[in-house]
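Protein chains in written order, with this note's numbering: chain A, 3 to 93; chain B, 31 to 431.
Note that beta-carbon positions come from the ideal geometry of N, C-alpha and C, so glycine has one too.
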Amino acid sequence: MMDAHQLIVCRCEEVSLAELLETAEAYQCSARELKLRTRAGMGCCGGRTCRMLVDQVIEQATGHSPSHTIPLGYQPPVRPISFQTLGGRNR
Amino acid sequence: MIDALIIGAGPAGLSAAIACAKQGLSVRIVDEFYRAGGRLLGQLHQEPNGTWWNGMEEAARLDREARAAGVEIACGVSVFNVVPSSSGWIASTTEGEIETSLLLIATGASETAVPVPGWTLPGVMSIGAAQVMTNVQRVRVGERGVIIGVNILSVAIARELQLAGIQIDRMILPPVSTVTGKAGFPEAVMRSLLRVAHLAPSPLIRWGSQLMKSSWMQRLGVSLYPSQGFSMWDIPIQLRTAALEIVGTNQVEGVRIARVAPDGQPIPGSEQIIPADFVCIAGGLSPLAELAAIAGCPFAYVPSLGGHVPIHNDRMQTPLPGLFVAGNITGVESAKVAMAQGIVAGLSMADAHGALADSAELENAIRQVGIVRQRATIQFHPDIDEGRATVGQLALASTGK
Ligand SMILES: Cc1cc2nc3c(=O)[nH]c(=O)nc-3n(C[C@H](O)[C@H](O)[C@H](O)COP(=O)(O)OP(=O)(O)OC[C@H]3O[C@@H](n4cnc5c(N)ncnc54)[C@H](O)[C@@H]3O)c2cc1C
Numbered sequence: 003m004m005d006a007h008q009l010i011v012c013r014c015e016e017v018s019l020a021e022l023l024e025t026a027e028a029y030q031c032s033a034r035e036l037k038l039r040t041r042a043g044m045g046c047c048g049g050r051t052c053r054m055l056v057d058q059v060i061e062q063a064t065g066h067s068p069s070h071t072i073p074l075g076y077q078p079p080v081r082p083i084s085f086q087t088l089g090g091r092n093r
Numbered sequence: 031m032i033d034a035l036i037i038g039a040g041p042a043g044l045s046a047a048i049a050c051a052k053q054g055l056s057v058r059i060v061d062e063f064y065r066a067g068g069r070l071l072g073q074l075h076q077e078p079n080g081t082w083w084n085g086m087e088e089a090a091r092l093d094r095e096a097r098a099a100g101v102e103i104a105c106g107v108s109v110f111n112v113v114p115s116s117s118g119w120i121a122s123t124t125e126g127e128i129e130t131s132l133l134l135i136a137t138g139a140s141e142t143a144v145p146v147p148g149w150t151l152p153g154v155m156s157i158g159a160a161q162v163m164t165n166v167q168r169v170r171v172g173e174r175g176v177i178i179g180v181n182i183l184s185v186a187i188a189r190e191l192q193l194a195g196i197q198i199d200r201m202i203l204p205p206v207s208t209v210t211g212k213a214g215f216p217e218a219v220m221r222s223l224l225r226v227a228h229l230a231p232s233p234l235i236r237w238g239s240q241l242m243k244s245s246w247m248q249r250l251g252v253s254l255y256p257s258q259g260f261s262m263w264d265i266p267i268q269l270r271t272a273a274l275e276i277v278g279t280n281q282v283e284g285v286r287i288a289r290v291a292p293d294g295q296p297i298p299g300s301e302q303i304i305p306a307d308f309v310c311i312a313g314g315l316s317p318l319a320e321l322a323a324i325a326g327c328p329f330a331y332v333p334s335l336g337g338h339v340p341i342h343n344d345r346m347q348t349p350l351p352g353l354f355v356a357g358n359i360t361g362v363e364s365a366k367v368a369m370a371q372g373i374v375a376g377l378s379m380a381d382a383h384g385a386l387a388d389s390a391e392l393e394n395a396i397r398q399v400g401i402v403r404q405r406a407t408i409q410f411h412p413d414i415d416e417g418r419a420t421v422g423q424l425a426l427a428s429t430g431k
């Protein structure tokens with residue numbers, strides 16, 4: 003059988019499915035709160051891989067189906083960039 | 031300051047660029063990949079009428095036409111932010127800021143991850159990555175692989191890998207879990223395959239779709255389903271087998287599989303390990319909406335379009351002044367639909383710029399999107415029309431001004 007503890011969902015921050023499920027159950031929270039509590043989606047890929055999975059965990063734990071508003075907001079920069087680029091000196 | 035900036039050089043962005051450059055606008059496209067064409071680059075499949083769809087050639091044609099029309103194309107440039115300005119939009123890119131009066135976001139779709147124990151081992155990749163490595167970069171992904179996730183896209187790409195001489199041992203389902211959604215339920219997978227079955231090259235699936243119109247027949251269908259599965263182009267597709275774990279020490283060595291009941295639960299005692307040196311995970315597609323979201327565009331949640339899509343009207347205008355969208359960011363559909371939408375967006379931008387010579391051209395282009403959609407050979411979801419209608423209504427409601 004599948005061992006939820008071993009299954010990594012957020013690869014950047016190494017957050018397991020078990021950690022996400024337990025946190026979501028305990029706090030009955032929003033996707034954003036789950037992200038802040040576990041750091042899932044806060045790694046260097048900016049949540050590109052696990053964003054949907056975090057939403058699914060919340061859907062299952064709270065029974066709320068997604069609304070028209072995007073559950074986990076996006077913030078710039080949406081790509082990893084260097085400090086140099088961020089400072090406007092990119093050549 | 032340019033007239034139109036287009037983010038994404040896929041079929042939608044390139045088609046839009048050609049359409050509005052021909053109306054006299056100054057147009058620039060930026061794309062983060064090193065080559066123009068977007069997802070077209072990896073596409074190679076046979077249409078039901080026997081002709082081949084070669085995306086690489088389509089991409090080259092669009093690229094040529096765009097350059098001939100005076101479009102400036104910059105590859106290897108990522109856009110990481112967009113903000114409105116007094117005269118339009120400013121995009122922050124890895125090559126500096128670009129000011130434009132009109133902005134089109136045509137960033138396409140991204141693949142949905144499906145976590146399976148062991149999926150962090152080297153040798154595990156998304157089905158789209160395997161497609162790009164095989165058809166674009168010509169790199170052999172492995173000798174013998176297993177595809178986890180059965181949907182229209184993974185079946186099409188399995189065939190492409192096979193044409194490149196790579197052995198696909200079998201296609202199976204992911205294990206049932208919170209994060210695998212419906213992809214782990216044989217019944218749901220069978221139903222979704224049957225709904226697009228008129229496109230399938232396999233007579234077995236086509237025959238099955240006639241038979242299984244009602245849900246009890248579908249349930250019966252999955253339980254009577256041959257335990258060895260069926261084959262398409264000699265690739266075994268096993269809807270009653272799931273991957274429990276991808277195994278290996280330093281890289282993929284195999285997959286632990288089990289037979290599953292119609293509800294996706296593994297049947298005790300049926301476990302075995304099959305050897306493989308690569309694994310592709312196929313979880314479906316969803317619109318890549320990040321830039322539209324930071325631009326402040328309102329969204330609609332429409333599962334048949336792949337999830338959250340920016341609200342837009344049939345002219346591909348969002349409720350934000352000067353902001354347009356086209357292609358898979360508005361809903362996951364085939365490349366031909368993306369091209370037709372791109373033409374609409376291009377003409378619509380020309381119109382917004384006061385440069386559209388003949389407004390009948392725009393009306394025709396809008397009609398053309400519907401026609402192309404009806405004829406599409408690859409359909410990602412059976413209820414696309416309803417999804418499109420929902421977004422149209424929300425767009426009407428949001429432009430009460
Ligand atoms: C893996 C995969 C396989 C597919 N296979 C098929 C198929 O066989 N047949 C079919 O009809 N359809 C297929 N599709 C659907 C496909 O998305 C459409 O056919 C079509 O390519 C969509 O066109 P588009 O122009 O909207 O986006 P895309 O073709 O995806 O192009 C979007 C472009 O935007 C660029 N981009 C994204 N974000 C940024 C950014 N922030 N900065 C700069 N550039 C950016 C990307 O690099 C990309 O080149 C597939 C999709 C995927 C993901």
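Can you check whether the CB of residue j is closer than 8 Å to the CB of residue i?
i, j, result
"Gln77(A)", "Pro147(B)", "no"
"Gly153(B)", "Val309(B)", "yes"
"Met369(B)", "Ala34(B)", "no"
"Val402(B)", "Lys366(B)", "yes"
"Val209(B)", "Leu19(A)", "yes"
"Ala306(B)", "Gly284(B)", "yes"
"Gly357(B)", "Ala42(B)", "yes"
"Val362(B)", "Leu315(B)", "yes"
"Ile187(B)", "Ile157(B)", "yes"
"Thr6(B)", "Pro317(B)", "What is shown of chain B runs 31 to 431, which leaves residue 6(B) out entirely."
"Gly40(B)", "Ala385(B)", "no"
"Thr271(B)", "Arg289(B)", "yes"
"Thr124(B)", "Ser108(B)", "yes"
"Trp263(B)", "Arg345(B)", "no"
"Ala89(B)", "Ala51(B)", "no"
Around the C-beta of residue i, are 16 or more other C-beta atoms found within 10 angstroms, so that it is buried, or is it exposed?
i, result
"Glu110(B)", "Residue identity check: residue 110(B) is Phe in the sequence provided, not Glu. That one is buried."
"Phe329(B)", "buried"
"Ile297(B)", "exposed"
"Val11(A)", "buried"
"Met4(A)", "Summary for Met4(A): the model assigns pLDDT 48, below 50, so the residue's position carries little reliability; its value from the coordinates is reported in the next sentence. Buried: at least 16 other Cβ atoms inside 10 Å."
"Leu426(B)", "exposed"
"Val449(B)", "It is not possible to answer for residue 449(B), since the shown part of chain B is limited to 31 through 431."
"Thr71(A)", "exposed"
"Arg91(B)", "exposed"
"Leu71(B)", "buried"
"Arg397(B)", "exposed"
"Gly238(B)", "Residue placement at Gly238(B) cannot be trusted, given a pLDDT of 49 that sits under 50; the coordinates are not used to answer."
"His66(A)", "exposed"
"Thr279(B)", "exposed"
"Val113(B)", "exposed"
Would you say the beta carbon of residue i comes nearer than 7 Å to a heavy atom of ligand 1?
i, result
"Pro340(B)", "no"
"His383(B)", "no"
"Glu141(B)", "yes"
"His70(A)", "no"
"Pro41(B)", "yes"
"His411(B)", "no"
"Ala49(B)", "no"
"Gly400(B)", "no"
"Leu321(B)", "yes"
"Arg81(A)", "yes"
"Ala224(B)", "A quick correction: the sequence has Leu, not Ala, at residue 224(B). No, the Cβ of Leu224(B) stays beyond 7 Å of every heavy atom of ligand 1."
"Gln161(B)", "yes"
"Ala194(B)", "no"
"Leu183(B)", "yes"
"Phe354(B)", "no"
"Val109(B)", "yes"
"Ala104(B)", "no"
"Gly68(B)", "yes"
"Gln73(B)", "yes"
Give me the Cβ distance between residue i and residue j, rounded to the nearest whole Å; I'm assuming they're in contact under 8 Å.
i, j, result
"Gly179(B)", "Pro204(B)", "6 Å"
"Val176(B)", "Met163(B)", "No, Val176(B) and Met163(B) are not in contact; Cβ-Cβ is about 16 Å, not under 8 Å."
"Gly43(A)", "Val56(A)", "6 Å"
"Met31(B)", "Ser131(B)", "7 Å"
"Ile128(B)", "Arg58(B)", "7 Å"
"Ala26(A)", "Val59(A)", "5 Å"
"Ser334(B)", "Gly417(B)", "4 Å"
Would residue i count as contacting chain C if we go by Cβ distances under 8 Å?
i, result
"Tyr29(A)", "Protein chains A and B are contained in the structure displayed, whereas chain C is not."
Exercise. Could you give the uninterrupted runs of the beta strand (DSSP E) lying entirely in the region 37-80 of chain B, keeping only those of 3 residues or more?
Worked result: 57-61 and 74-76, all fully within the region 37-80 of chain B.
For this session: Could you pull out every unbroken beta strand (DSSP E) segment of at least 3 residues lying fully inside the region 140-167 of chain B, listed in chain order?
Result: Entirely contained in the region 140-167 of chain B, the beta strand (DSSP E) runs reaching 3 residues are, in chain order, 154-156.
Exercise. Which residue spans inside the region 320-404 of chain B form an unbroken beta strand (DSSP E) run of at least 3?
Worked result: Listed in chain order, the complete beta strand (DSSP E) runs (minimum 3 residues) inside the region 320-404 of chain B are 329-332, 337-340 and 353-355.
For this session: Please go through the region 22-50 of chain A and give each complete alpha helix (DSSP H) segment of 4 or more residues, from N-terminal end onward.
Result: Taking only runs of at least 4 residues, the alpha helix (DSSP H) segments lying wholly in the region 22-50 of chain A are 33-40.
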